[in-house]
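Student: The numbering of the sequence shown is this note's numbering, which starts it at 11 and goes up by one. Quick one: the structure is below, and I'll ask about it shortly.
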Amino acid sequence: MNETSVLWEETIHGGAAWSHVLKRGTALRITDLQGGANVGAVFYNFECPAERYNMPDTLKAQHVARLAKGFVLYSDMGRILCSIIEDTVGWHDPIGGTSSAKLVDAKYGLLATQEHRNDCHKNGHDTFLIELGKWGLGPRDLVANVNFFSRVDVAQDGGMSFAKGTPKPAITSGFARR
11 MNETSVLWEE TIHGGAAWSH VLKRGTALRI TDLQGGANVG AVFYNFECPA
61 ERYNMPDTLK AQHVARLAKG FVLYSDMGRI LCSIIEDTVG WHDPIGGTSS
111 AKLVDAKYGL LATQEHRNDC HKNGHDTFLI ELGKWGLGPR DLVANVNFFS
161 RVDVAQDGGM SFAKGTPKPA ITSGFARR
């Protein structure tokens, strides 16, 4: 992924949503400019949206509980949807899931969009559903997500804990569609 091959560049602000069709043979680079970002992502085969990212198969096939450079994301049909081809983080969370309205309201309080406009607290679940709707998909199509730039540690007893303070600014990851 050299700079001469950049076809599109866009800055996505915190809490915003974005979706794109990644064509076969192209790559997507996500950069955390300030540190502390979390990019929740879901993956589908554009030609056949019924084929989508499968978290259990991705982890089982590679004997991991994290994603990093060299790992692939498998579909529910056993095919590789994309590969992580560059990564300076060394750890991305595929098991922590996304936030819900109930979790966000409990943690931050309820802020109505009508009163607070863009300062209201958004949740990942509803944001994913909005983006899915743009592609003709709905709630039953929502699958497990990957949290890029986030680390969740799994203890021997199966307990999970979020690793705070990671990562540092200007960390990049590259994803190539096969």
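C-beta atoms are modelled at their ideal positions from N, C-alpha and C, and glycine is treated no differently.
Do residue 157 and residue 103 come within 9 Å of each other at the CB atom, strictly closer than that value?
Tutor: The residue given as residue 103 occupies position 93 in the sequence shown. The residue given as residue 157 occupies position 147 in the sequence shown. Cβ distance < 9 Å, so residue 103 and residue 157 count as in contact.
Student: What does DSSP give as the partner residue(s) for residue 103 in the beta ladder?
Tutor: Numbered from its first residue, the sequence shown carries residue 103 at position 93. Per DSSP, 157.
Student: Please name the residue, chosen from 59, 38, 58 and 57, that lies closest to residue 49 on a Cα-to-Cα basis.
Tutor: The residue labelled residue 49 in the question sits at position 39 within the sequence shown. Minimum Cα-Cα distance from residue 49 among the listed residues 59, 38, 58 and 57 corresponds to 38.
Student: Out of curiosity, what's the CA-to-CA distance linking residue 76 and residue 111?
Tutor: Here residue 76 refers to the residue found at position 66 when the sequence shown is read from its first residue. Here residue 111 refers to the residue found at position 101 when the sequence shown is read from its first residue. C-alpha separation (whole angstroms): 26 Å.
Student: If contact is defined by three or more beta carbon pairs under 8 Å, each pair taking one atom from either stretch, is the segment 142 to 150 in contact with the segment 64 to 81?
Tutor: no
Student: Among 78, 132 and 68, which one has its Cα closest to the Cα of residue 109?
Tutor: Within the sequence shown, numbered from 1, the residue matching residue 109 stands at position 99. Nearest C-alpha to residue 109: 132.
Student: Answer yes or no: do residue 105 and residue 139 have a C-beta to C-beta separation smaller than 9 Å?
Tutor: In the sequence shown, the residue the question calls residue 105 occupies position 95. In the sequence shown, the residue the question calls residue 139 occupies position 129. No, Cβ-Cβ distance for residue 105 and residue 139 is not below 9 Å.
Student: Which residue comes first and which comes last in the alpha helix (DSSP H) that contains residue 65?
Tutor: Here the question's residue 65 lines up with position 55 in the sequence shown. Where residue 65 is concerned, the enclosing alpha helix (DSSP H) stretches over 65 to 72.
Student: Among 60, 16 and 97, which residue has its Cα nearest to the Cα of residue 78?
Tutor: Working through the sequence shown from its first residue, we reach residue 78 at position 68. Of the candidates 60, 16 and 97, the one whose C-alpha sits nearest the C-alpha of residue 78 is 97.
Student: Out of 52, 92 and 83, which one is the CA nearest neighbour of residue 35?
Tutor: Against the sequence shown, residue 35 aligns to sequence position 25. Nearest of 52, 92 and 83 to residue 35, Cα basis: 92.
Student: Mark residue 22 as exposed unless 16 or more other C-beta atoms lie within 10 angstroms of its C-beta, in which case mark it buried.
Tutor: As a first step, residue 22 must be located in the sequence shown, where it is residue number 12. Result: exposed.
Student: What number of angstroms, rounded off, separates the C-alpha of residue 163 from the C-alpha of residue 99?
Tutor: Here the question's residue 163 lines up with position 153 in the sequence shown. Here the question's residue 99 lines up with position 89 in the sequence shown. If you take the alpha carbons of residue 163 and residue 99, they lie about 14 Å apart.
Student: Is DSSP giving residue 28 helix, strand or coil here?
Tutor: Against the sequence shown, residue 28 aligns to sequence position 18. Correct three-state label for residue 28: coil.
Student: Ends of the beta strand (DSSP E) at residue 98?
Tutor: One-based indexing of the sequence shown puts residue 98 at position 88. Residue 98 -> no beta strand (DSSP E), and no H or E assigned at all.
Student: Taking residue 27 as the reference, give the member of 45, 51 and 46 with the closest Cα.
Tutor: If you number the sequence shown from 1, residue 27 lands on position 17. Taking only the C-alpha atoms, the option nearest residue 27 is 51.
Student: Spatial neighbours of residue 90 within its chain, please: C-beta separation below 8 Å, excluding the five flanking residues on both sides.
Tutor: For the purposes of this step, residue 90 is taken as residue 80 along the sequence shown, with counting starting at 1. Once the five neighbours on either side are set aside, the close Cβ partners of residue 90 are 82, 83, 84 and 188.
Student: Could you tell me the distance, in whole angstroms, from the CA atom of residue 166 to the CA atom of residue 153?
Tutor: In the sequence shown, counting from the first residue as 1, residue 166 sits at position 156. In the sequence shown, counting from the first residue as 1, residue 153 sits at position 143. In this structure, the straight-line span from the alpha carbon of residue 166 to that of residue 153 is close to 26 Å.
Student: Count the other CB atoms within 10 Å of the CB of residue 42; is the residue buried (16 or more) or exposed (fewer)?
Tutor: Residue 42 sits at position 32 when you count from the first residue of the sequence shown. So residue 42 counts as buried.
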